[in-house]
Amino acid sequence: MGLTTETVLTKVGEFLGDGLISSNESFGMLAINVVASRNFELIEFLKSDPILKMTFLTDLTGTHYPDKPGAEFEVVYHMHNLVDNYRLRIKCALPVTNPEIRSVVPLFSAANFMERETYDFFGIIFTGHPNLKRILNVDEMDYFPMRKEYPLEDGTRTDKEDKYFGR
Amino acid sequence: MEPELIKKINTLADNKTNISVSKVNEQELTTLNLGPIHPATHGIFQNVLKMNGETIVECEQTVGYIHRAFEKIAEHRPFYQVTPLTDRLNYCSSPINNVGWHLAVEKLIKAEIPKRVDYMRIIVMELARVADHLVCNSIVAADMGALTGFTYVFQWREKIYDIYEEICGARLTTNIGRIGGFERDFNPTVHKKIKDFLRDFPKVYKEFMSLVERNRIFMDRSVGVGGISAERALNYGFTGPNLRATGVDYDVRVMDPYCSYQDFDFIVPVGTGGDVYDRFMVRHQEILESIKMIKQAHDNLPEGKHYAEVPEFYLPPKEDVYTKMEALIWHFKIVMGETDVPVGELYSAVEGGNGELGFYLVSDGGRAAYRLHFRRPCFIYYQAYPEIICGGMISDAVMTMSSLNVIAGELDA
Amino acid sequence: MTEVKSDIKIVKEPEGIKGEGYFLTSLDKVMNLARSNSIWPLPFATSCCGIEFMAVMASNYDLARFGSEKLSFSPRQADLLMVMGTIAKKMGPVLKQTYIQMAEPRWVIAVGACASSGGIFDTYSVLQGIDKVIPVDVYVPGCPPRPEQILDGFMKIQDIVRNEKLRRRSMPEYKELLNSYGIE
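What follows is the structure in structure tokens.
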């Protein structure tokens, strides 16, 4: 006895209305695509609803899809209901021209570092974050390295010749 | 001095009745820079502490001193080349990271893994868990000055390294196993070494524990120190022994059993107060449970092959490559990256030494992953450190840091 | 003089003229003998190689028998800077600060592939070798190097110390080397 996909989809659909863009289930986990402006309310609803009870934020990260114009960035939340063992993936698409989304730090303190990391890697701005600055890279870095247009290697290094590495 | 800071100190002074925090009038606060290299912090991270005498008022953290861009590297490497990267996440227990990654890929390619592989993987993973918890516990004791335990325990970690070396050739960064199983079966020396380890280790471990378990100095320094409540721990995303010490029995091996863990008989130890002593004892009990599991797995190791039938990811044996055409073609295709990789996205988690180690993998059919994100437990629970230590003394901050078992490689990735 | 028969190995005495109550040799031989057998390392352990260093310090591979019983975590009291693990660009200035705080004579050993040349991490955030910021005496390759390799590197440092000229640190070539790194 536990949560089923239908229950979750019905409740989320009722709450969001047409904020729920699409959903699919793959590899045993339900993933829902949600309008970015309603992420905070949805996560608050999932946390406080007595049936859904998703009180654990497992993961928060981002992805860059350069070939989806208007929805290049995707912020991915993984939530977990520890009592009924149900996991959910929430995805919110953002355009690269205005990558702003509301921060969920007031709900889950775990999101603090995770949002800073996503900002550091992709440049997604989390409005309302208490301390949004770079966390893993040097503070003076002026680009967002995980975006697909930037290379892995440091172009200014002198001791490794590209021709020996097949580049 | 800033008025909010004064108000904060005075609230602390009102609330904490058993630690003497004197109200601040014109007293200056001391700023102490703990890190990045410091004998107390095991790994490089910086904590700038503002202290009122010996009591900590504020703590500002800086991480990223060993950021090696694993996630970006993983976008340029085929799946089998990502395994050495996962080694270097939590390097005290690298087999767990390797097996976790292989399980994620096998979930993507929907491979059927034989039981023998599962049991072999469990033996290797539980040995890694023993090694990780031994490091953490002996360093907690060593930070209090009990250096003897450290020297005893590390000698037995060498025996675990011997077993790894016999299985895969490396001591620390093991790159153990392959997608689909293991590259070679356990030879008789491995079985002998495992049997000897299971026979000799519990006695020595009991000697180490008898030094510290009911030792008055140890208990005075660790009971009631660095505690966190279960609600705050869940809000901070704690997993693993740190969460179980607060009373929540969340263990990925029990909740989402992977790799045939459901066949095994083990308990999940749980603490009450979430303080340093509880974390120490939870890790101690987990070592004993792991030894039980290794014994069960080793005694009941099923017969069968040591790899799954996934010719698109598992390199064929060299004798076949040199003699049979089909094996040669498969070898060529795997190495040159011309095999079909399914498209999809998945999240797969294993119980690492520090908690739920998750892999969020997005595959677009190409040779390398489109996006690979590691859900690193250390990164997430390290955020709670300022909340735990504020209001306490600096020596308690040192003990809390070592009992949280923060591994720098996993923190920064 | 009677020979003392025991199986405890002690360090060979340097060449010199022995007599009743005196021993005549050159100053640098004696000083180097003392220095090479009592090196106090500063373990700058950042990642996986640090765990192999902990194994070197433990009872199986014991670093203390080479004279390094006291690990100094303060650069002002250390002779040898053992850099073990990956140095990211964020950590580079910290490493340079630590090196500058050490007093002469000081030596540096780069343990592991990451410290020697960046290792497997040819990325935007990793320093490709610590010899981009500080001068290095011995490189120990490996990922991670076995404890025996680390001890071998340590013994090579001992060789360097034993054969070092007394006035090396005040010669213009040494000053030029430090200036090339921007260290005064």
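Protein chains in written order, with our numbering: chain E, 644 to 810; chain S, 865 to 1277; chain Y, 54 to 237.
From the three backbone atoms N, C-alpha and C, an ideal C-beta is built for every residue, glycine too.
Where residue i falls: helix, strand or coil (DSSP)
i	result
Glu890 of chain S	Unreliable placement is indicated for Glu890 of chain S, whose pLDDT of 45 sits below 50; no coordinate value is reported for it.
Leu695 of chain E	coil
Asp1120 of chain S	coil
Thr1038 of chain S	coil
Ala679 of chain E	helix
Asn113 of chain Y	coil
Thr1053 of chain S	helix
Asp702 of chain E	strand
Leu86 of chain Y	helix
Val927 of chain S	coil
Gln150 of chain Y	helix
Met784 of chain E	coil
Phe1102 of chain S	coil
Asn961 of chain S	helix
Arg730 of chain E	strand
Cys1254 of chain S	coil
Cys1242 of chain S	helix
Phe76 of chain Y	strand
Asp1228 of chain S	strand
Ser121 of chain Y	coil
Glu1077 of chain S	coil
Burial state of residue i, where buried means 16 or more other Cβ atoms lie within 10 Å
i	result
Arg993 of chain S	buried
Tyr70 of chain Y	Note on identity: in this sequence residue 70 of chain Y is Ile, with Tyr being the wrong assignment. Label assigned to Ile70 of chain Y: exposed.
Phe97 of chain Y	buried
Ile1131 of chain S	exposed
His1162 of chain S	buried
Glu1274 of chain S	buried
Asp982 of chain S	buried
Lys1067 of chain S	exposed
Thr894 of chain S	exposed
Asn667 of chain E	exposed
Glu226 of chain Y	exposed
Val1017 of chain S	buried
His723 of chain E	buried
Asn682 of chain E	buried
Pro198 of chain Y	buried
Arg1108 of chain S	buried
Ala156 of chain Y	exposed
Tyr786 of chain E	exposed
Ile1244 of chain S	buried
Met984 of chain S	buried
Pro693 of chain E	exposed
Ser1074 of chain S	exposed
Glu890 of chain S	Its pLDDT being 45, under 50, Glu890 of chain S is placed unreliably by the model, and nothing is read from it.
Tyr1171 of chain S	buried
Phe1196 of chain S	exposed
Phe808 of chain E	exposed
Asp1228 of chain S	exposed
Whole-angstrom C-beta distance between residue j and residue i, which should lie under 8 Å
i	j	result
Gly1090 of chain S	Ser1267 of chain S	6 Å
Glu935 of chain S	Leu1225 of chain S	Contact flag wrong, Cβ pair sits at about 11 Å.
Pro709 of chain E	Glu715 of chain E	6 Å
Tyr929 of chain S	Ala166 of chain Y	About 19 Å separates the two Cβ atoms, so there is no contact after all.
Phe126 of chain Y	Pro903 of chain S	5 Å
Ser100 of chain Y	Gly120 of chain Y	The Cβ separation is near 26 Å, so there is no contact.
Val927 of chain S	Ala938 of chain S	With 8 Å as the limit, Val927 of chain S and Ala938 of chain S do not qualify as a contact, their Cβ atoms being about 20 Å apart.
Within chain B, the residues that residue i reaches when beta carbons sit closer than 7 Å
i	result
Glu760 of chain E	Absent from the structure is chain B; the protein chains it does hold are E, S and Y.
For the region 768-793 of chain E, list every residue whose C-beta sits within 7 Å of some C-beta in chain Y, in sequence order. Asn780, Val781, Pro788
Residues from the region 726-744 of chain E in contact with chain S, defined by Cβ distance under 8 Å: Asn728, Arg730, Arg732
What are the residues in the region 176-196 of chain Y lying within 9 Å of chain S by C-beta distance? Thr176, Tyr177, Ser178, Val179, Cys196
Please list the residues of the region 1112-1127 of chain S that have a C-beta atom closer than 9 Å to any C-beta atom in chain E, keeping them in chain order. Val1112, Tyr1114, Met1119, Asp1120
With a cut-off of 8 Å, do at least 3 Cβ pairs link the region 1022-1031 of chain S to the region 1179-1191 of chain S? no
Stretch-stretch touch, CB-based, cutoff 8 Å, three pairs: the region 1244-1253 of chain S with the region 989-1009 of chain S: no
Please name the residues in the region 938-953 of chain S whose beta-carbon is closer than 7 Å to at least one beta-carbon of chain E, in chain order. His940
Along the region 1232-1258 of chain S, where does the CB come closer than 7 Å to a CB of chain E? Name the residues. Arg1235, His1237, Arg1239, Phe1243, Ile1244, Gln1247
Contact list for the region 705-724 of chain E against chain Y, Cβ threshold 7 Å: none
Do the region 736-748 of chain E and the region 767-785 of chain E make contact, defined as three or more Cβ pairs closer than 8 Å? yes
Are the region 1083-1098 of chain S and the region 1057-1073 of chain S touching, with three or more C-beta to C-beta distances below 8 Å? no
The region 125-157 of chain Y: positions lying closer than 8 Å to chain E by Cβ: Lys142, Lys143
Of all the residues that make up the region 82-104 of chain Y, which are near chain S by a beta-carbon distance shorter than 7 Å? Phe97, Thr99, Ser100, Cys101, Ile104
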